[in-house]
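All remarks here apply to the structure that follows.
There are 2 protein chains.
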Amino acid sequence: MTQEVRMVKRVTLTDVARLAGLSPSAASMILNGRPDTRLSRDAHDRVLAAAAELGYRPNVAARALRTSTSHTIGFVSDLVATTRFASGLIKGALGAAEAAGHVVLVAETGGEPEREAEAVSALLDRQVDGVIFASMRAREILVPPIPSSVRAVMLNATSETHVCSVLPDEETGGQRAIELLRDAGIHDDILLLGYDADAERDLFRSATVAARVRGIYDTMAREGMSFSREESIWLWEPDHGHDVTARVLASGPPPRAIVCLNDRLAFGASQALGEAGLRVPDDVALVSFDNDELAAYLRPGLTTIGLPHEAMGRRAVELLLAPDGPPPGEHLVEMPVVIRASLP
Amino acid sequence: MTQEVRMVKRVTLTDVARLAGLSPSAASMILNGRPDTRLSRDAHDRVLAAAAELGYRPNVAARALRTSTSHTIGFVSDLVATTRFASGLIKGALGAAEAAGHVVLVAETGGEPEREAEAVSALLDRQVDGVIFASMRAREILVPPIPSSVRAVMLNATSETHVCSVLPDEETGGQRAIELLRDAGIHDDILLLGYDADAERDLFRSATVAARVRGIYDTMAREGMSFSREESIWLWEPDHGHDVTARVLASGPPPRAIVCLNDRLAFGASQALGEAGLRVPDDVALVSFDNDELAAYLRPGLTTIGLPHEAMGRRAVELLLAPDGPPPGEHLVEMPVVIRASLP
DNA sequence: CTGTTAGCGCCTTCAT
DNA sequence: ATGAAGGCGCTAACAG
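Protein sequences appear in the order of chains A and B. For the first sequence, this note's numbering gives the first residue as 1, with consecutive numbering after it. For the second sequence, this note's numbering gives the first residue as 1001, with consecutive numbering after it.
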């Protein structure tokens, strides 16, 4: 390896050209693979060899200045640490960006409009080729105006101004959950935990929950299945799942199965079942949504319809970098069915 | 608000200068607040006003080309999604960077040397002012050679070549856990769950666990306390915590308290306790480490010594951006004591 | 005290 | 088929 560190001075295109015995412009064309202008095969080889030998790397700032493209994409999200979901989105985006020779500038805004505007400006200052606006709970978000020359895609979010968005296919996900129950031979005596018609109107609640619920109801109807009871819960946290489940159990015979609208609810429900001496899945079966990290930790493991965060992040950058720009429309990503042991 | 989008053309320094009736260089000096060269008060005001009116924003690429500084820092980590810890580090870094007017390029390497080298090159191509090398499990990592002109700090990691690193203060953390027990009046009949002398020698295991354990033992000795039993566990996952705890419970009377080396172990232990009909904290008290998301979900909530990821991320960029460069040494960040209900 | 000049590294005409 | 020249936007070293 002749890969030593040159701290004296970065090797420049001119250096490469000189070593190859050509002009910088010729070297530029060859290295950028311009097809129209046909330099000699020999020139090609000499330039490529010289670049390799010197370990030439283009100066992105100079290129950006000239072409206003930086091989960099911006990722602005409302929250990164609060939810483990964010890292999946980011990881997917990072991977796809790397594959495309791009690098990702990440900014967090906490959902505050001023910080968002500032973040976008900071990205634009750096000539990003496009920006991904990600939200941690799928919903309609307002994005600051950006020049029409800058590509944008909404990730786990929608927007009136930017029409390309990537969302989980919640409706099919809801369908899958019910099919799982059906396949386990459970058709009735099912408790639905979490759906709250009021909450759904809340802008801060995921907008895709509606689709999830629709998928659930439609499939239940189609399969001739029915809920014996529905408990609405405003806040989908373990404590609430626990308390509501405990209340239901205290009020009569336990249901045969519980469909929880997310894993945190299921986590609480499972604790309540344990306290009541009921066993999962023999006494009560459990299905839920998200494939939260929790789902794997539960005993028995929770069967759940996962949110495909990583795939969504990947998809977003693929769309952003599409040759003709991000295709408009809602791009749905399939939710994986994660089978564990909470269903018989 | 005259904050309309200019998609035709970005406003440039020349525009500002022209509007102020000055030369671009004069405008540059004023906007960059060069103290030495004293332009007239009036010129100052005119330039500032012009910049504000036009909504001027410097073109970072152009500035980078000229000054080779981009107000951008690189964050390269081995893993981002696998562990919820990563997002804390990133969030902290993002916040501090934003406060300092910087933006963060994130790259993930999966711990693979080639990807890491490539990522670093990509960052260097973009003139980053410095790079943070983060590892998700504190340990010694090899970083690719970078020019000495580029600042570097290790985050949750150490390295032979780069001497500034940020680490959790595990020794004090271990001490705190034992003090909690002491304050609860529990001095003996304590089970230690997880420590494994062999595992500790494993390079892929956090190097700081040694300090955590040292803090625990030293404090136990100093306080005249003792473990009645120690169970080593190689893999710190809930299942193992569950199984080992169940085995211990089956073999005799339960301990008065369990110190778990992480929350996932504690989660498993808590399940085993529940199955055995033992109540936390009345029958058995629990303390552990990390302040994983799980810790809040458990019933009762888990008292734990938290890993201060966000503070560490913040600290790392503060050190990176220090006026005289990152100060050498290991910078320890205090671990917060998170009191919940698993101790009496 | 102020303005002009030069050039960072690259790419894209245009002229050979 | 190849090379020369100019300029992206900015700032540092110069003149005036």
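Note that beta-carbon positions come from the ideal geometry of N, C-alpha and C, so glycine has one too. Fair warning: this is a prediction, and the values are worked out from it, not measured in the lab.
Less than 7 Å between the beta carbons of residue i and residue j, yes or no?
{"i": "A:Pro168", "j": "A:Leu320", "result": "no"}
{"i": "A:Ala20", "j": "A:Val47", "result": "yes"}
{"i": "A:Val128", "j": "A:Pro144", "result": "no"}
{"i": "A:Val234", "j": "A:Ala199", "result": "In the sequence on display, residue 234 of chain A carries Trp and not Val. In this structure, A:Ala199 lies closer than 7 Å to A:Trp234 by Cβ."}
{"i": "A:Val259", "j": "A:Leu155", "result": "no"}
{"i": "A:Glu179", "j": "A:Arg214", "result": "no"}
{"i": "B:Leu1302", "j": "B:Ser1251", "result": "no"}
{"i": "A:Ile132", "j": "A:Phe85", "result": "no"}
{"i": "A:Ser228", "j": "A:Asp189", "result": "yes"}
{"i": "B:Val1080", "j": "A:Leu105", "result": "no"}
{"i": "B:Val1284", "j": "B:Pro1254", "result": "yes"}
{"i": "B:Gly1173", "j": "B:Arg1212", "result": "yes"}
{"i": "B:Ala1157", "j": "B:Ser1135", "result": "yes"}
{"i": "B:Leu1181", "j": "B:Ala1272", "result": "no"}
{"i": "A:Ile73", "j": "A:Ala97", "result": "yes"}
{"i": "A:Leu13", "j": "A:Pro24", "result": "yes"}
{"i": "A:Ser87", "j": "B:Ser1028", "result": "no"}
{"i": "B:Pro1344", "j": "B:Ala1117", "result": "no"}
Taking just the CA atoms, how far does residue j sit from residue i?
{"i": "A:Val8", "j": "A:His44", "result": "Confidence at A:Val8 is low in this model, with a pLDDT of 49, below 50, so its placement is unreliable and the value that follows should be read with caution. Approximately 28 Å between the Cα atoms of the pair."}
{"i": "A:Ser77", "j": "A:Thr109", "result": "6 Å"}
{"i": "A:Asn291", "j": "B:Gly1277", "result": "29 Å"}
{"i": "A:Glu160", "j": "B:Ala1052", "result": "29 Å"}
{"i": "B:Pro1327", "j": "B:Val1011", "result": "39 Å"}
{"i": "A:Gly95", "j": "A:Ala316", "result": "11 Å"}
{"i": "A:Ala197", "j": "A:Gly274", "result": "29 Å"}
{"i": "A:Leu294", "j": "A:Leu265", "result": "11 Å"}
{"i": "A:Leu387", "j": "A:Arg41", "result": "It is not possible to answer for residue 387 of chain A, since the shown part of chain A is limited to 1 through 344."}
{"i": "A:Tyr56", "j": "A:Ala17", "result": "11 Å"}
{"i": "A:Arg66", "j": "A:Ser149", "result": "16 Å"}
{"i": "A:Ile186", "j": "A:Gly224", "result": "11 Å"}
{"i": "A:Met1", "j": "B:Ala1093", "result": "Low confidence applies to A:Met1: its pLDDT is 34, below 50, so where it sits in the model is not reliable, and the reading given next is rough at best. Approximately 34 Å, taken between the alpha carbons."}
{"i": "A:Val5", "j": "B:Thr1069", "result": "Legend: pLDDT at A:Val5 = 42, less than 50; position of this residue unreliable, no value from coordinates given."}
{"i": "A:Asp263", "j": "A:Val244", "result": "15 Å"}
{"i": "B:Glu1334", "j": "B:His1240", "result": "29 Å"}
{"i": "A:Arg312", "j": "A:Arg139", "result": "Here residue 312 of chain A is Met; the residue named in the question, Arg, does not match the sequence. So the alpha carbons of these two residues sit roughly 15 Å apart."}
{"i": "B:Ala1351", "j": "A:Asp125", "result": "Limits of chain B in this structure are 1001 at one end and 1344 at the other, which puts residue 1351 of chain B out of reach."}
{"i": "A:Ser340", "j": "A:Glu318", "result": "The question names Ser, but residue 340 of chain A is Arg in the sequence shown. Taking the straight line from one Cα to the other gives about 31 Å."}
{"i": "B:Asp1324", "j": "B:Leu1332", "result": "20 Å"}
{"i": "B:Gly1111", "j": "B:Thr1208", "result": "18 Å"}
{"i": "A:Gln3", "j": "A:Pro58", "result": "Any answer about A:Gln3 is weak, because its pLDDT of 40 lies below 50 and its placement is not dependable; what the coordinates show is given next. About 16 Å."}
{"i": "A:Val163", "j": "B:Ala1062", "result": "32 Å"}
{"i": "B:Val1338", "j": "A:Arg247", "result": "30 Å"}
{"i": "B:Leu1054", "j": "A:Ala322", "result": "33 Å"}
{"i": "A:Ala122", "j": "B:Ile1146", "result": "26 Å"}
{"i": "B:Ser1237", "j": "B:Leu1261", "result": "Reading off the sequence, residue 1237 of chain B comes out as Glu, not Ser. One C-alpha to the other measures close to 11 Å."}
Assuming residue i contacts residue j (C-beta within less than 8 Å), just tell me the rounded distance between them.
{"i": "A:His309", "j": "A:Leu89", "result": "5 Å"}
{"i": "A:Ala130", "j": "A:Arg115", "result": "Checking the sequence shown, residue 130 of chain A turns out to be Gly, not Ala. In fact, because the Cβ distance is near 20 Å, the residues do not count as touching under 8 Å."}
{"i": "B:Ile1305", "j": "B:Arg1176", "result": "5 Å"}
{"i": "A:Tyr195", "j": "A:Ser226", "result": "Contact flag wrong, Cβ pair sits at about 15 Å."}
{"i": "B:Phe1267", "j": "A:Tyr297", "result": "6 Å"}
{"i": "A:Gly101", "j": "A:His71", "result": "6 Å"}
Any heavy atom of the ligand HEM closer than 6 Å to the CB of residue i?
{"i": "B:Val1143", "result": "Of ligands this structure carries none, so the ligand HEM is not represented either."}
Short-range partners of chain A found in the stretch 1103-1130 of chain B, where Cβ spacing is below 9 Å: Val1103, Val1104, Leu1105, Val1106, Ala1107, Glu1108, Arg1115, Ala1117, Glu1118, Ala1119, Ser1121, Ala1122, Leu1123, Leu1124, Asp1125, Arg1126, Gln1127
Sequence ranges, alpha helix (DSSP H) only - wholly within the stretch 248-309 of chain A, length at least 4: 263-275, 293-297
Below 7 Å between beta carbons is the criterion; list the residues of the stretch 1089-1100 of chain B that meet it against any residue of chain A, in chain order. Ile1090, Lys1091, Leu1094
Under 8 Å, CB to CB, which of the residues in the stretch 242-260 of chain A have a partner in chain B? His242
Taking beta-carbon pairs under 7 Å, can you tell me which members of the stretch 1296-1319 of chain B lie near chain A? Tyr1297, Arg1299, Glu1310
Length-filtered (4 minimum) alpha helix (DSSP H) runs lying within the stretch 1147-1213 of chain B: 1170-1183, 1197-1200
Contacting positions in the stretch 1043-1063 of chain B - beta carbon closer than 8 Å to chain A: Arg1057, Pro1058, Asn1059, Val1060, Ala1061, Ala1062
Name the residues in the stretch 268-282 of chain A whose C-beta lies less than 7 Å from a C-beta of chain B; which are they? Gln271, Gly274
Please specify which runs of the alpha helix (DSSP H), each continuous and at least 4 residues long, are wholly inside the stretch 106-140 of chain A, giving them in chain order. 113-125
Taking beta-carbon pairs under 7 Å, can you tell me which members of the stretch 158-182 of chain A lie near chain B? none
Between the stretch 1230-1241 of chain B and chain A, which residues of the former have CB atoms less than 9 Å from a CB of the latter, in chain order? Glu1237, Pro1238, Asp1239
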